Structure formats: C-alpha cells, structure tokens
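Here the structure is laid out as structure tokens; the discussion comes afterwards.
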Amino acid sequence: MNVGIIGAGVIGLSAAEALVEAGYTVTIVARDLPGDDTSVQWSSPWAGAAVMPHPDAPGQDLQTETFKYYWALAHRDPTSGVQVVDITEYYDDRDGDSTIWYKQLAPKYRRIPADQLPAGATLGFKYQSMTANPTYYLPWLKKRLDARGVRFIRAAVSSIAEARQVTGALVIVNASGLGALDLAGDADVVPVRGQTMLVQSDSHEVTMFQGSHYSYAIPRMYTGGIIIGGVAQEGRSDEAVDPETRQDILRRVRSVAPGRFDSTDLNVDVMKDCVAFRPGRKGGYRLERDGEVIHAYGFRGLGYVFNYGVGMRVREMVEEIEGQGPRSRL
Ligand SMILES: Cc1cc2nc3c(=O)[nH]c(=O)nc-3n(C[C@H](O)[C@H](O)[C@H](O)COP(=O)(O)OP(=O)(O)OC[C@H]3O[C@@H](n4cnc5c(N)ncnc54)[C@H](O)[C@@H]3O)c2cc1C
Ligand SMILES: *[C@@H]1O[C@H](CO)[C@@H](O)[C@H](O)[C@H]1NC(C)=O
Numbered sequence: 088m089n090v091g092i093i094g095a096g097v098i099g100l101s102a103a104e105a106l107v108e109a110g111y112t113v114t115i116v117a118r119d120l121p122g123d124d125t126s127v128q129w130s131s132p133w134a135g136a137a138v139m140p141h142p143d144a145p146g147q148d149l150q151t152e153t154f155k156y157y158w159a160l161a162h163r164d165p166t167s168g169v170q171v172v173d174i175t176e177y178y179d180d181r182d183g184d185s186t187i188w189y190k191q192l193a194p195k196y197r198r199i200p201a202d203q204l205p206a207g208a209t210l211g212f213k214y215q216s217m218t219a220n221p222t223y224y225l226p227w228l229k230k231r232l233d234a235r236g237v238r239f240i241r242a243a244v245s246s247i248a249e250a251r252q253v254t255g256a257l258v259i260v261n262a263s264g265l266g267a268l269d270l271a272g273d274a275d276v277v278p279v280r281g282q283t284m285l286v287q288s289d290s291h292e293v294t295m296f297q298g299s300h301y302s303y304a305i306p307r308m309y310t311g312g313i314i315i316g317g318v319a320q321e322g323r324s325d326e327a328v329d330p331e332t333r334q335d336i337l338r339r340v341r342s343v344a345p346g347r348f349d350s351t352d353l354n355v356d357v358m359k360d361c362v363a364f365r366p367g368r369k370g371g372y373r374l375e376r377d378g379e380v381i382h383a384y385g386f387r388g389l390g391y392v393f394n395y396g397v398g399m400r401v402r403e404m405v406e407e408i409e410g411q412g413p414r415s416r417l
C-alpha cells in the first residue's frame, strides 16, 4: 500500500521510517526538506535538541519508546548527530520528584541535595540522556529513507485532496507541524516562539530550569558550541531577534548554571542567534486517525521527545486502515 506524508520534519521522517520498515511504499510531500537550515517556516532544524522526557506531558509510552531509540542510536552511530549527555534538571514549581515518572527509565538518575540547588530551585536531579544536532540528524534520517526508496517531493500543498493528488496515495499522514495557513482547519494550532543563541563553549552538559522561567543550555554536537535559551511565547510569530531577550537569557542561564557562563560575552561568543517557532496546539498534540487521514502534529517543544514513538503509532493506524479491506486501497 502507498502512504503519503505531508511534512519532512522529525515527525514526518519518523513516520516514514516506521512505514518503510513494515513494507509500505512511502511518498513525502513537504515545503521544507532536511538540509534547509535557514527557513523558520518549519521547526525541526532549530531544536536544541534535547531528548528530555517531560513530567507533565501525556504519552509516556511514546516518550519511553523514543528515549530507548535515541539511547541505542547514540551508541550505534555517532554520525547521526546523536550523543549521550549528562542532564541536570531544576524546577521551582514542585518539591518532591513524584511527578518525574522517567526516573526509572533514565540511566544514573539521582536527586541533588537541597543545599546544592541554585537560587529559587525546589527540586533538582541528574541523569543521562541524549541530544540530537538536527543539522546532522535530519539529513541522516533522509539518507536512510532515500536508500529505502522513499520518494521526496518538494511542494506546498493546500489540502489533503491535493496531498493525495501529489503523492498518489489515498492514506495521508498529516505531519505538517504548524502547517501552512492554507492547510488550516484546526484553529487550536498555534506557534510558540522560541529565541536562543549558539555560544562558544566546551561544556558538554545539559542544564534545564522549568517553572517560573524556562532557561536552558544544550550542547550542540560537532559545533564547539552550546545552545542557550529560552522563551516559549505562545501566539507570537515575530521573527526578529529581541536584544533584551538575549541579555535576559544570559542572566538566567548564569543563575541556573553557576560559574559556567561567567566569561560569556554576547558581543564575542555568539556564533548564531535564532528565532523559531514550535508547533503548538491548544489542548495538546493530535495523534489520531480520521478515516484515511492520520493526524500527527502539535508536538510543541517536544518533537524529539516523541518522534520515534509517534512513527510507531502512525504505523499501527495505517495497519488498521489496511485491515479494513479493499475499500481503502489505491
Ligand atoms: C528554539 C526551539 C528549541 C527546541 N528545542 C527542542 C528540544 O530541545 N527538544 C525537542 O524535543 N524539541 C525541541 N523543539 C521542538 C521541535 O523542534 C518540534 O517539536 C519538532 O521539530 C516538530 O516537528 P514536526 O515534524 O512536527 O514539524 P516541523 O519540523 O515544523 O516540520 C513540518 C513539515 O511540514 C511541512 N509543511 C508544513 N506545511 C506544509 C504544506 N502546506 N505543504 C507541504 N508541506 C508543509 C514543512 O515544510 C516541514 O517539512 C524546539 C523548537 C524550537 C523552535
Ligand atoms: C493538518 O495539520 C495542520 C497542522 O499542521 C492542521 O492545522 C490542519 O487542520 C490539518 N489538516 C487537516 C485537513 O486535517
């Protein structure tokens, strides 16, 4: 059976991989493709990307599968741009770690004693996880798909019907992230603005603070730099770098990673500024089947925490369609 996918971000690519593995013929139609690293029309090249399960996000099974996938990949093939890193997480909106469901999953999980927490933090812990550098990981995924005969068509489509026409498939996976305004139809889809800087650093650790603010440092493999951020501004779509946010990010990152950014000078050490948009959705992500259309979007700041698991779930839904007989064949 032929399956069409709208979107070549981490979600569309992972869906494609799960489907070709099961023997489906896959055609991807996308406006932006792996290798396009300058367009902010899509989200995947701009992610940190840290593979950090989220205590409050649903889909723990999907997050768990994805964590295991990246763990294996980091050990198997460093050319994928995926590496194992030490992670430190802090929160100021909870005390105990009862919500940290992934403490069983994460290697070397341990709490940080209260007297060693940075100012304001009420919970802190360390574990090992992974980061992916999208500049390597996305083309790496595409190359694997190319080798397996997945067809990539660069085009913008404005409806599911058009996607069917372009891909020649009846079954369509809608993995279009924020989509285009023309694809709209889901009024809950919303951009969540992010701003970060890639700064020179030899630090290889991830630090993440969540709660009353959202501040992080994520090393970027093969660049000699670390991404510092951030903001999560729902509904904002302005693309200019905000200079005050730059200063504020450095101030916050210094406070959550004491000592590590003392000598960082924004006039000298910034290799790249970035403003980009997470594909948000009010009420959370949408992963469900509607007849011959499978929706897989709205993963907000967690696309790399979910992608592998989402791919597997998409495959199950396609198998379900196939099981329903010839009516749905094309
Ligand atoms: C600053 C920043 C930091 C982030 N950090 C992290 C992190 O550390 N960890 C993490 O897990 N996530 C992170 N994210 C989030 C992550 O980038 C997204 O969740 C993820 O990339 C979403 O992938 P996607 O495939 O759904 O969408 P996208 O990557 O946006 O891909 C959408 C695809 O659909 C195509 N498309 C859209 N409309 C059309 C159309 N009409 N016709 C044809 N094609 C179309 C696009 O061209 C593209 O190929 C971050 C995001 C930002 C902005
Ligand atoms: C496809 O996904 C986009 C989000 O990227 C959503 O806005 C749109 O409603 C979906 N299209 C259809 C026809 O369901």
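Sequential numbering of the sequence shown, starting at 88, is according to our numbering. Just so you know, even glycine gets a beta-carbon here, dropped at the ideal spot from N, CA and C. Computed from a predicted model, the values in this text were never measured in an experiment.
>> Please tell me whether, using a cut-off of 7 angstroms, the distance from the CB of Val244 to the nearest non-hydrogen atom of ligand 2 is below it.
In response: no
> Could you give the distance in angstroms between the alpha-carbon of Pro137 and the alpha-carbon of Thr151?
Replying inline: According to the sequence provided, residue 137 is Ala. The question's Pro does not apply to it. Taking the straight line joining both Cα atoms gives about 14 angstroms.
> Helix, strand or coil: which one does DSSP assign to Leu374?
Replying inline: strand
>> Using a Cβ-Cβ cutoff of less than 7 angstroms, which residues in the same chain neighbour Asn394 once the five nearest sequence positions on both sides are dropped?
In response: Non-local beta-carbon contacts of Asn394 in its own chain, meaning distances under 7 angstroms to residues more than five positions away in sequence, involve Val97, Ile98, Ser101 and Thr153 in chain order.
>> Closer than 7 angstroms to a non-hydrogen atom of ligand 2 - does that hold for the CB of Val172?
In response: No, since every heavy atom of ligand 2 falls outside the 7 angstroms radius drawn around the Cβ of Val172.
> What residues match up with Glu321 in a beta bridge as DSSP calls it?
Replying inline: The partner list for Glu321 (beta bridge, DSSP) reads Val279.
> Are Val355 and Ile381 touching if we call contact CB-CB under 8 angstroms?
Replying inline: no
> Under 7 angstroms from any heavy atom of ligand 1, does the C-beta of Asp119 make it?
Replying inline: yes
>> For Glu331, tell me which candidate among Arg251, Lys155, Thr310 and Leu353 has the shortest Cα-Cα distance.
In response: Nearest C-alpha to Glu331 among Arg251, Lys155, Thr310 and Leu353: Leu353.
>> Taking 8 angstroms as the limit between beta carbons, can you name the residues of its chain near Thr218, skipping five residues before and five after?
In response: If we look at Thr218 and ignore the five residues flanking it on each side, its Cβ neighbours are Gly135, Ala136, Ala137, Val138, Val169, Gln170, Val172, Val293, Ile305, Pro306, Arg307 and Met308.
> Taking only runs of the alpha helix (DSSP H) that begin and end inside the segment 176 to 261, which ones reach a length of at least 4 residues, in chain order?
Replying inline: You should have 221 to 234 and 247 to 254.
> Arg235: beta carbon under 7 angstroms from a heavy atom of ligand 1?
Replying inline: No, since every heavy atom of ligand 1 falls outside the 7 angstroms radius drawn around the Cβ of Arg235.
>> Assuming Thr294 is part of the beta strand (DSSP E), what are its boundary residues?
In response: Glu292 to Gln297
> Rounded C-beta distance between Arg163 and Thr209? I'm assuming under 8 angstroms.
Replying inline: About 38 angstroms; that fails the 8 angstroms criterion.
> Can we count Asp273 as close to ligand 4, meaning its CB is less than 7 angstroms from some heavy atom?
Replying inline: Within the structure as shown, ligand 4 is missing, the only ligands being ligand 1 and ligand 2.
>> Restricting to runs no shorter than 3 residues, where is the beta strand (DSSP E) found entirely within the segment 298 to 369?
In response: If we require 3 residues or more, the beta strand (DSSP E) runs fully inside the segment 298 to 369 come out as 302 to 307, 312 to 316 and 357 to 368.
> My guess is that Glu407 and Arg376 are in contact by the Cβ rule of under 8 angstroms, so how many angstroms apart are they, rounded?
Replying inline: 7 angstroms
>> Measuring alpha carbon to alpha carbon, tell me which residue in Ala161, Ala319, Pro278 and Gly146 is nearest Gly396.
In response: Gly146
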